[in-house]
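Have a look at the structure below, then the notes.
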Amino acid sequence: DAKTTQPNSMESNEEEPVHLPCNHSTISGTDYIHWYRQLPSQGPEYVIHGLTSNVNNRMASLAIAEDRKSSTLILHRATLRDAAVYYCILSASGTYKYIFGTGTRLKVLA
Amino acid sequence: NAGVMQNPRHLVRRRGQEARLRCSPMKGHSHVYWYRQLPEEGLKFMVYLQKENIIDESGMPKERFSAEFPKEGPSILRIQQVVRGDSAAYFCASSPTGTITDTQYFGPGTRLTVL
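Chains A and B supply the protein sequences, listed in that same order. Letter by letter, the first sequence follows residues 7 to 116 in the working numbering. Letter by letter, the second sequence follows residues 119 to 233 in the working numbering.
Shown next, in the form of structure tokens:
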């Protein structure tokens, strides 16, 4: 199973953009990149996913490197409610099980 | 459209008792996944079920754990003769088609404490 590497923690000021990096150097050509976040005492919440092209939705943007060995989740204006653990997950072709790492704990400062 | 529902939200059992965790997928979803999360760790896949079928139980311990997803009713994760090491948060997720591009939607989890 392809692995992902994320920083353990990051801090951001409220109202500022946040860039959360993820390395996945062993990614296969058909692996999708998913991002979820988990607020305290809650289940993971879907944020965004992509394959090769950059993706945008109402929550965030996903920037995927040209060689696909890394990606970055972008929160355009962090709020206190964005404080959570963010997981970068690869779903391999032919499988459905998500392999969660330890994620990045994002702290948002008021 | 109600999300994934899990109950109970908190469950306390003594060593040796049985724990039954229930998961009702989102409306229209026929694929259910169970994950376990130990404190300060990421989620670990346990089992994937479709209606009346276990598709992949490679992440589930061979003994004491079982899962089902009957034609009618919720999916059940059953842990027999619980031990302290079973204390964890158990999450289920559901998806509509089970394909690689599917998004899995997670429930709020059941927090199991074994005394």
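Don't be surprised by glycine CBs; every beta carbon is placed ideally from N, CA and C. None of the values given here were measured: they were computed from a predicted structure.
Going by beta carbons, B:V165 and B:A185 fall inside the 7 Å limit. In the DSSP assignment, A:I80 falls within the unbroken beta strand (DSSP E) covering S76 to L81. With a threshold of 16 other beta carbon atoms within 10 Å, B:K169 falls short and is exposed. Minimum Cα-Cα distance from A:K103 among the listed residues B:L167, B:L129 and B:G227 corresponds to B:L167. One alpha carbon belongs to A:E22, the other to A:R83, and they sit about 5 Å apart. Scanning the segment 179 to 204 of chain B for uninterrupted alpha helix (DSSP H) segments of 4 residues or longer gives nothing; none is fully contained. As the crow flies, the alpha-carbon of B:R229 is around 9 Å from that of B:F209. Counting only the Cα atoms, A:S59 lies some 30 Å from A:Q48.
Residue contact with chain A for B:Y208: absent (no Cβ-Cβ distance below 7 Å to any residue of chain A). For a Cβ distance threshold of 9 Å, residue set E158, E159 and G160 of chain B lies close to A:T108, ordered along the chain.
Under a 10 Å Cβ-count criterion, B:A211 is classified as buried, with 16 or more other Cβ atoms of the shown protein chains found around its own Cβ. The Cβ atoms of B:Q155 and B:A207 sit closer than 7 Å to each other. For A:G35, no CB of chain B lies under 7 Å from its own CB, so it is not counted at the interface with that chain.
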